[in-house]
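Working notes for the structure below.
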Amino acid sequence: MKHRFEYVVFRVLSAVLEVFPEDVALRVGAGLGRAAGHLLRGRRAVVDENIARAFPEQKPEWRRGVADESWAHLGREAVAILRLAGLDPADLTERTDVEGLDELRAALAEGRGAVIVSGHLGSWEIGGAAVSSFGIPLLAVAKPMANRRFDADLLATRTRLGMEVVDTGAAPKRVLRALAEGRAVGIVADQNAHTSPVFVPFFGIPAATHRGPALFALRAGSPMFLGVCVRLPGATNRFRVTLQRIRVERTGDLDVDVERLTAAHTALLEEAVRRAPEQYFWQHKRWKTRP
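Remember, my numbering sits 2 above the position in the sequence shown when you count from 1.
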């Protein structure tokens, strides 16, 4: 019943926001996000603590500003995802600038696929759809949502925009097969890893990080890219996707190479977060699991 109620609210809110002009809908989303930041005190404390850890050198007022804007950004992204169902691949191509697409295509032409690892920065959901809209055959690894009705809607939108989605439980075999077929695989991999993590620095603090992306790339002999999609300034939804190849010497020692690749993509993500800290998902307990 709880999931049914949530889904009804979601459908009503989606219908209302689709009627609004895009700039108005985004302002409403930003306002709701800021309100959530004040009401959800426990989660706001997590945000404040994370930003203080990442930017100890910054003044408290700067950190508060980043925290406030991160909540506003979260609200805007919620609206953008709600309106995603009304877009088609041509719309996304029109709204998105892409850097590094030629290098990704060249890597895919080598025949071993490519692992695109990303983080909860900017518009990560839209980033995968945007890459797919430019003709890149993309398999996205995603954890199913608890509310099956939400999950079914999001899956339908992802599929319509050209992505194939596999849940995390079925990922190992499907991902390796996709790489062998020469396809790109997208994985958002910056959440706290509870089991069998590799600890690598993130803002100078050891962070429990998933091994999966590095393991897939190493076992398939595939190149790895960091993919980041950030929102561009303006009143409407416009985005920039950056695809950056991660070049790390592979020694042949699996454990060593997993740690090197994981450290490399985490370091590049940190650089991207430093450029747009207000667009990062600080609401997650990134440093929860300790060595």
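Built from N, CA and C at the ideal position, the CB exists for glycine as well.
Under the 10 Å beta carbon count, Pro-215 is surrounded by 16 or more other beta carbons and is classified as buried. In the structure shown, the three-state DSSP call for Pro-174 is helix.
Taking Gly-77 as the centre and dropping the five residues before and after it, the same chain places the C-beta of Gly-31, Ala-32, Leu-34, Gly-35 closer than 6 Å to its C-beta, in chain order.
For the pair Ala-191 and Val-119, the CB atoms are nearer than the 8 Å cut-off. Phe-241 carries a strand assignment under DSSP once its states are collapsed to helix, strand and coil.
For the pair Gly-188 and Gly-130, the CB atoms are nearer than the 8 Å cut-off. The beta carbons of Val-232 and Leu-123 sit closer together than 8 Å. Under a 10 Å Cβ-count criterion, Ala-109 is classified as buried, with 16 or more other Cβ atoms of the shown protein chains found around its own Cβ.
The segment 105-158 contains, as complete beta strand (DSSP E) runs of 3+ residues, the segments 116-120, 140-144 (chain order). Under the three-state reduction of DSSP, Ala-186 is assigned to strand. Under the Cβ criterion (8 Å, minimum of three pairs), the segment 242-257 counts as touching the segment 85-105.
Exclusion of the five residues before and after Arg-252 leaves Asp-259 as the residues of its chain whose Cβ lies within less than 6 Å of its Cβ. Taken through DSSP and simplified to helix, strand or coil, Val-26 comes out as helix. Distance check between Gly-171 and each of Ala-148, Ala-144, Ala-186, Thr-197 places Ala-144 closest, using alpha-carbon atoms only. In this structure, DSSP gives Phe-204 an extended state, which the three-state scheme calls strand. Residues Gly-184 of the same chain have their beta carbon placed closer than 8 Å to that of Gly-113, with the five preceding and five following residues left out of the count.
For Ala-269 and Ile-248, the gap between their C-alpha atoms comes out near 10 Å. Excluding the 5 residues flanking it on each side, Glu-272 has same chain C-beta neighbours closer than 7 Å at Phe-204, Phe-205, in chain order. The continuous stretches of alpha helix (DSSP H) do not include Glu-101, which lies in the beta strand (DSSP E) extending over residues 98-101.
The Cβ neighbour count for Trp-73, taken over all protein chains shown within 10 Å, is at least 16; the residue is labelled buried. The criterion of a C-beta distance shorter than 8 Å is satisfied by Phe-201 and Ala-210.
In this chain, the beta strand (DSSP E) harbouring Phe-227 covers 226-233. The C-beta distance from Val-49 to Ala-69 rounds to 5 Å, short enough to fall under 8 Å. For Val-167, there is no enclosing alpha helix (DSSP H); the residue is found in the beta strand (DSSP E) stretching over 166-169. Here Thr-211 is bridged, per DSSP, to Val-200. Spatial neighbours of Ile-207 in its own chain (CB-CB distance under 7 Å, excluding positions within 5 residues in sequence) are listed in chain order as Arg-55, Trp-289.
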